[in-house]
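Encoded as structure tokens, the structure appears first; notes follow it.
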Amino acid sequence: MLPALLAPPPAAARIAGAWPASTALQKRLRYDRDVLPHVHALYGGAMRFTRSPNDANDLVQETLFKAWRSYESFTEGTNCKAWLFRILTNTFINKYRRTHKERDIVEGSGQLGAEHELVHIPSKQRFLDPEGALADAALADEVQAALQALPPDFRAVVMLADLDGLAYKEVADAVGIPVGTVMSRLFRGRRLLQAALFGYAVEQGVLHPSFDADREGRTAPLSLDDYRKRRARHVDAGALQAEHAVAP
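Counting in the numbering used here, the sequence shown runs from 8 upward without gaps.
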């Protein structure tokens, strides 16, 4: 169930107040129609960016506030999800670069209190993103740590493509870069992950030791989705062998 929408924050109300009441209402109705279906996807992406429930909540609230404030720039009928992810990604990357501390993501002038939330989700219902939860559960702590160690530009592209399932064009729209740059950053980001996780991937049965000779670029690096699939097959094979071993 989608979260209940609260009244716009004071700043947004002042912006809308310059419009005729009917126009402001129409804006709000269009905003609700276009934006609300993507709220849970935004939470999943924010959670993967920040790895902190509080920071993810604040990041999404700031994203929604910025989306409301600049909603007139959104072209009706275009990809609203990509537009929202662009705001979320840029907000995260810009503040990460400025502070180098993800936990400071909403401190300062951009901080929104609970009374300013455009969308309210009770604490027990926050981050209800089953697909994102399953994706994260399939990635071990070592993989999560390697993701967090990626440069933010690469991490954003890898997460949007491999964890949030956005197509190249959607990632390009979300990050505000050409599709060719998305493909380049995705390749390089996956390559960095593969280099950092090679030993662990071999240990877990995801990569064969002979793959070591191809790490320098002769073979395309695995996506995180490929990693999860290989890991799942390895776990299933191990469970089957164990079952046969104990069979009478």
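Cβ coordinates follow ideal geometry from the N, Cα and C atoms, glycine included.
Asked: Backbone secondary structure at residue 77 - three-state DSSP; Found: coil
Asked: C-alpha gap between residue 202 and residue 149, whole angstroms; Found: 13 Å
Asked: Straight-line gap, residue 84 to residue 40 (C-alpha atoms, nearest Å); Found: 12 Å
Asked: Which of helix, strand or coil DSSP assigns to residue 194; Found: helix
Asked: Terminal residues of the alpha helix (DSSP H) in which residue 160 lies; Found: 159 to 165
Asked: Residue 148, enclosing alpha helix (DSSP H) - first and last residue; Found: 148 to 156
Asked: Start and end residues, alpha helix (DSSP H) containing residue 57; Found: 46 to 57
Asked: Enclosing alpha helix (DSSP H) for residue 179 [first to last residue]; Found: 175 to 182
Asked: Reduced DSSP category for residue 171 - H, G, I as helix; E, B as strand; rest coil; Found: coil
Asked: Residue 43 beta carbon less than 8 Å from that of residue 67; Found: no
Asked: Beta-carbon proximity of residue 86 to residue 180, cut-off 8 Å; Found: yes
Asked: Per-residue DSSP class, three states only, for residue 4; Found: Outside the modelled stretch of the chain, which goes from 8 to 255, sits residue 4, for which no answer is possible.
Asked: Backbone CA spacing between residue 95 and residue 34 [nearest angstrom]; Found: 21 Å
Asked: Residues near residue 45 by beta carbon distance below 7 Å, same chain, minus five either side; Found: 87, 88 and 91
Asked: Per-residue DSSP class, three states only, for residue 60; Found: helix
Asked: Inter-residue Cα distance where the pair is residue 37 and residue 79; Found: 11 Å
Asked: For residue 204 and residue 63, the rounded distance between their alpha carbons; Found: 26 Å
Asked: CB of residue 228 within 8 Å of CB of residue 198, strictly; Found: yes
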